[in-house]
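Here's the structure we're looking at; comments come further down.
Protein chains: 4
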Amino acid sequence: MADAQSQKGGADRRNRKDNRREEIVSAAFEEFATHGYAGARLEDVASRAKVSKGLPYLYFKTKEELFKAVVRSVVTAHFNTIRGKIETTELPVKEFLKGPFLQFMQDLVSSRRVLIVRLLMAEGHKHPELTQFYLDTVVAPGLETLSGLIDKGVERGEFRRTDLSDYPQLLVAPMLLSVLWKALFERHRHLDTDDLLKTHIDLLIAAIEVPEQEREAS
Amino acid sequence: MADAQSQKGGADRRNRKDNRREEIVSAAFEEFATHGYAGARLEDVASRAKVSKGLPYLYFKTKEELFKAVVRSVVTAHFNTIRGKIETTELPVKEFLKGPFLQFMQDLVSSRRVLIVRLLMAEGHKHPELTQFYLDTVVAPGLETLSGLIDKGVERGEFRRTDLSDYPQLLVAPMLLSVLWKALFERHRHLDTDDLLKTHIDLLIAAIEVPEQEREAS
Amino acid sequence: MADAQSQKGGADRRNRKDNRREEIVSAAFEEFATHGYAGARLEDVASRAKVSKGLPYLYFKTKEELFKAVVRSVVTAHFNTIRGKIETTELPVKEFLKGPFLQFMQDLVSSRRVLIVRLLMAEGHKHPELTQFYLDTVVAPGLETLSGLIDKGVERGEFRRTDLSDYPQLLVAPMLLSVLWKALFERHRHLDTDDLLKTHIDLLIAAIEVPEQEREAS
Amino acid sequence: MADAQSQKGGADRRNRKDNRREEIVSAAFEEFATHGYAGARLEDVASRAKVSKGLPYLYFKTKEELFKAVVRSVVTAHFNTIRGKIETTELPVKEFLKGPFLQFMQDLVSSRRVLIVRLLMAEGHKHPELTQFYLDTVVAPGLETLSGLIDKGVERGEFRRTDLSDYPQLLVAPMLLSVLWKALFERHRHLDTDDLLKTHIDLLIAAIEVPEQEREAS
DNA sequence: AATGAATGAGGGTTCATTCAT
DNA sequence: TATGAATGAACCCTCATTCAT
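This is how it looks when you write it as structure tokens:
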């Protein structure tokens, strides 16, 4: 029992430490997202996380390390879900695009997480290893998966063979635009990004779809 | 003579002053584009413009004023050209999109001017009036013009009536993506943005085009 | 048995405690000697002593207390040996100087312990009670003893009566110089301090020695 | 006249700037000498020099640069005087040592400038290039000159040939000791360094002097 | 109009010291 | 007794802005 007690004590401390770390990263995310990298003050991060000014430095050697941790934490684990879905779905590709994939983009656009995208756009060029990390972890696998999805549609006879396979970026470009619009212009002029994304998917499908009557029997 | 002299002197001075101003703004553009708003140092702006450290303050009260001037200066006058072309072209809309419009996007992506876009993404939300200005001056008229272009295609029977008219942003979203890719990822992974943009236009046309045989004679 | 057990336990604890203390002081000596007072970090002291960051504070209230303990520990017990030898030697003073005393100085110059001298030089003026302690414990008795040694030589007819008795510091000044040379300049320019010290002793003896033929028979 | 005026204006500014620089270095000398390198606060340097907190950074990139400038400024030009005298004196070497040279050492010991020696002792090992500079600029030439002085005495038949020529450091070691005594112990126990130095010179001369009756006629 | 020296508020970072466990 | 997470004061350095010339 005494053992259990002390173990538990250790676990508590571990948990507390982990929590603090997460709280700091989370607070930092807000501050970076709001003020940009240079504009964010570590002291504000600390007080948002309700810790002392010096604590972040116990977990992150420098502001930049903290920034990297923020990017990593936002990125990690969120994109694997949809990727898994894409690769295992049984739906016709067209239905998948109009359903789950559209949904995914719509959700992403309205989530706070995408602020990281704006951050990266704004500050990424000053942190090459970070962009590389993001490219390797999120962008490249994501594009790979999308390419695969298009190809699957082609193989199944749903889609014509087009250059879209080479530029899966085109599938998500309007999502990027939506993110930026929301960040910059939304307060001045509303844009229905959900509908915009839906329109985008519909047009894309129209562009590459093989009409029902032309499909081969198999 | 004396009058002419002094007038000429006045003109010189005016010119010199204007030049100075332009040089400062231009130097500031480079510094802002390279280091971001917070990261740019007014002293570097001054020395890039080959003026003294204090001079920018004779023209711009604060760093923010200078920033606004930069945005305005980059924005102004560059977008009217293509807008004019769009509105007066005699080409079939399809041909216009595949020709001059594609060319315009390709040029823009590789111009230094688009760095302003990254700047706005990074700092825009802190300068609402600036984004408003940008929206009013560049974005809104641009979108308006694009809408008109699509509609013209519809009216001429080239295109089906689609929701693209409501979301002309979809025409330029890949351009935005291209800009960002170049800024962030290009050094890690090459993307042929010219070809990507071409593919985009082709797909879009495929999506909305009325097939030759279906067109009404008029 | 139980008693023995607990007694032993008590002894262990005492020993352990003393060891810890010594280890901390010893680690602190290294850190202070290497980085100076202000430059030494208590965390480094702790990790060098392989104890936790907080432990030194159980033994020493502040960094300054630890510093004092370091000075005291290095000082204590090391100088009594030579002092004892000086006071009890049967050798002619001249031989004593050329033999054991020279040896002592040569050893001291190459020992790590003299780093304390540099420390005191650097920080002593900020810790008056510490310099007083050092003066009372090491310097004053040492000089006293040296004075006595010279006087013994005079009384024995080996040396002339000179003012050297009033300034025994002159006997050790080259040792000080040697210490500093090693600390500062040795890496740039070698100095054979052993030979320098030998030369010093030889010259000093030449200066005060009563030539053989002039000595009184006794 | 206007020209002269503006020239004078320029000169004024130059002078003012140079003055500021000197004032900062001088203030820094005091602060470093009092608190050591790490203990000195640039803000205190600034306010001692009656300039703003940031000004020192216009003249010295970092604290270390300022420190180096302090060392250089104290060192420069002060040691050439005595060196010149040594090399050109017409006095018998013995008389020179007992007169001007002793005087020089006595003056030096009581000047504020020697605090730089304590500084170097304390911090020198952390700034190798600085100690090298000091060695090359002050120490090495000084020792060279002293060696020459001894040799001149030997050549003139005043002195025996001894190893002192190889270790001119022995001539100045008591000066070093005096500096340190004053810095550390003087407030606790008085030492008449003037007399100590005189005794030192007397003893040294006694050690190497060729007695009058033994000198060769020439 | 133009210069560039000077100012001083502000932010990143360190580290002696405290304290909950 | 021992740990190491946490605190917060202090300090170096930067840079937007001012001002004497």
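Protein chains in written order, with my numbering: chain A, 1 to 218; chain B, 1001 to 1218; chain C, 2001 to 2218; chain D, 3001 to 3218. Beta carbons are placed, not taken as given, at the ideal position from N, Cα and C, and that holds for glycine.
> Mind listing which residues of the segment 3161-3177 of chain D have their C-beta closer than 9 Å to chain C's C-betas, in chain order?
Replying inline: Only those residues of the segment 3161-3177 of chain D whose C-beta falls short of 9 Å from the nearest C-beta of chain C are listed: Thr-3162, Asp-3163, Leu-3164, Asp-3166, Tyr-3167, Gln-3169, Leu-3170, Val-3172, Ala-3173, Pro-3174, Met-3175, Leu-3176, Leu-3177.
>> Once DSSP output is grouped into helix, strand and coil, what is the label at Glu-65(A)?
In response: In this structure, DSSP gives Glu-65(A) a helical state, which the three-state scheme calls helix.
>> Strictly by DSSP, which residues pair up with Phe-159(A)?
In response: Beta-bridge pairing links Phe-159(A) to Glu-209(A).
> What distance in whole Å lies between the Cβ atoms of Leu-1119(B) and Ala-1027(B), which are believed to be in contact at a cut-off of 8 Å?
Replying inline: Not really, about 15 Å apart at Cβ, beyond 8 Å.
>> Give me the residue from Asp-2195(C), Glu-2023(C), Ala-2140(C), Phe-2079(C) with the minimum Cα distance to Ser-2178(C).
In response: When Asp-2195(C), Glu-2023(C), Ala-2140(C), Phe-2079(C) are compared, the shortest CA-CA separation from Ser-2178(C) is found for Asp-2195(C).
> Quick one, are the C-beta atoms of Ala-48(A) and Glu-31(A) less than 9 Å apart?
Replying inline: Before going further, note that residue 48(A) is Arg rather than Ala in the sequence given. Yes. Within cutoff.
> Along chain B, in chain order, which residues have C-beta atoms closer than 8 Å to that of Arg-118(A)?
Replying inline: For Arg-118(A), the residues of chain B that pass the 8 Å Cβ criterion are Met-1121, Ala-1122, in the order they occur in the chain.
> In chain B, which residues lie less than 8 Å from Gln-219(A) when you measure between Cβ atoms?
Replying inline: Within the shown structure, residues of chain A are numbered from 1 to 218, placing residue 219(A) beyond reach of any answer.
> What number of angstroms, rounded off, separates the C-alpha of Glu-3209(D) from the C-alpha of Arg-2041(C)?
Replying inline: Between Glu-3209(D) and Arg-2041(C), the C-alpha separation is close to 53 Å.
> Would a C-beta distance cut-off of 9 Å place Val-2071(C) and Glu-2158(C) closer than the cut-off?
Replying inline: No, the Cβ-Cβ distance between Val-2071(C) and Glu-2158(C) is not below 9 Å.
>> List, in chain order, every chain A residue whose beta-carbon is nearer than 8 Å to that of Arg-1189(B).
In response: Within chain A, the residues near Arg-1189(B) are Leu-135, Ala-140.
> Taking buried to mean at least 16 other C-beta atoms within 10 Å of its own C-beta, is Gln-2213(C) buried or exposed?
Replying inline: Per the 10 Å Cβ criterion, exposed.
>> Contact defined as beta carbons within less than 8 Å: I believe Thr-199(A) pairs with Asp-1163(B). What is the distance between those atoms, to the nearest angstrom?
In response: The pair is a contact, with the Cβ atoms about 4 Å apart (cut-off 8 Å).
> Does the beta-carbon of Glu-3123(D) have 16 or more other beta-carbons within 10 angstroms, so that it is buried, or is it exposed?
Replying inline: It counts as buried.
> Quick one: which chain B residues come within Cβ less than 8 Å of Ile-208(A)?
Replying inline: Ile-208(A) reaches chain B at Leu-1203, Ala-1206, counting residues in chain order whose Cβ is nearer than 8 Å.
>> Using CA atoms only, rank isn't needed, just tell me which of Phe-2029(C), Asp-2151(C), His-2188(C) is closest to Glu-2065(C).
In response: The shortest C-alpha separation from Glu-2065(C) is found at Phe-2029(C).
> With 9 Å set as the bound, which would you pick, yes or no: does the beta-carbon of Gln-213(A) sit closer than that to a beta-carbon of chain B?
Replying inline: At a cut-off of 9 Å between beta carbons, Gln-213(A) makes no contact with chain B.
> Can the beta-carbon of Ala-207(A) be found closer than 9 Å to that of Ala-1207(B)?
Replying inline: Closer than 9 Å, so yes.
> Which two residues bound the contiguous alpha helix (DSSP H) that contains Tyr-1059(B)?
Replying inline: For Tyr-1059(B), the enclosing alpha helix (DSSP H) covers residues 1056-1059.
>> Whole angstroms are fine: how far does the CA of Val-1051(B) sit from the CA of Glu-1219(B)?
In response: Residue 1219(B) lies beyond the stretch modelled for chain B, which goes from 1001 to 1218, so this question has no answer here.
>> Excluding the 5 residues flanking Lys-3053(D) on each side, which residues of the same chain have their C-beta closer than 6 Å to its C-beta?
In response: Result list for Lys-3053(D): Glu-3043, Ala-3046, in chain order.
> Mind pulling the chain A residues with CB within less than 7 Å of Gly-1039(B)?
Replying inline: Correct list: Ala-38.
> From Glu-2090(C) to Asp-2166(C), what distance separates their C-alpha atoms?
Replying inline: Cα atoms of Glu-2090(C) and Asp-2166(C): separation of roughly 23 Å, rounded to the nearest angstrom.
> List, in order along the chain, the chain D residues whose C-beta lies closer than 7 Å to that of His-2125(C)?
Replying inline: Simply Ala-3183, Leu-3184.
> Is the Cβ of Gln-1132(B) closer than 9 Å to any Cβ of chain A?
Replying inline: Gln-1132(B) counts as touching chain A.
> Whose C-alpha, out of Ile-3024(D), His-3125(D), Asp-3136(D), Leu-3197(D), is nearest the C-alpha of Phe-3101(D)?
Replying inline: The shortest CA-to-CA distance from Phe-3101(D) to any of Ile-3024(D), His-3125(D), Asp-3136(D), Leu-3197(D) is the one to Leu-3197(D).
> Any beta-carbon of chain B closer than 9 Å to the one on Asp-151(A)?
Replying inline: Not one beta carbon of chain B lies nearer than 9 Å to the beta carbon of Asp-151(A).
>> When you compare the CB positions of Leu-2135(C) and Arg-3189(D), do they come within less than 9 Å of one another, or not?
In response: Result yes, Cβ atoms of Leu-2135(C) and Arg-3189(D) sit closer than 9 Å.
> What residues from chain A crowd round Thr-1062(B), counting only those whose CB sits closer than 7 Å?
Replying inline: Neighbours of Thr-1062(B) on chain A: none; closest Cβ ~16 Å, over 7 Å.
> Hey, Ile-2205(C) and Leu-2097(C): beta-carbon distance below 9 Å or not?
Replying inline: Leu-2097(C) sits close to Ile-2205(C), with the two beta carbons spaced by under 9 Å.
>> Within the continuous alpha helix (DSSP H) that includes Asp-1107(B), where are the two ends?
In response: Unbroken alpha helix (DSSP H) run through Asp-1107(B): 1102-1109.
> Nearest to Asp-1018(B) by CA position, among Leu-1058(B), Asp-1107(B), Leu-1180(B), is which residue?
Replying inline: The shortest Cα separation from Asp-1018(B) among Leu-1058(B), Asp-1107(B), Leu-1180(B) belongs to Leu-1058(B).
> How close, in whole Å, do the beta carbons of Val-1074(B) and Arg-1113(B) come, if the pair is a contact with beta carbons under 8 Å?
Replying inline: Right, the Cβ-Cβ distance comes to about 6 Å (below 8 Å), so this counts as a contact.
> So, helix, strand or coil for Lys-50(A), using DSSP?
Replying inline: Lys-50(A): coil per DSSP, three-state reduction.
> Apart from the five residues just before and just after Pro-3141(D), which ones in its own chain have a Cβ nearer than 8 Å to its Cβ?
Replying inline: Closer than 8 Å at the Cβ level, and outside the excluded window around Pro-3141(D), lie Phe-3079, Arg-3083.
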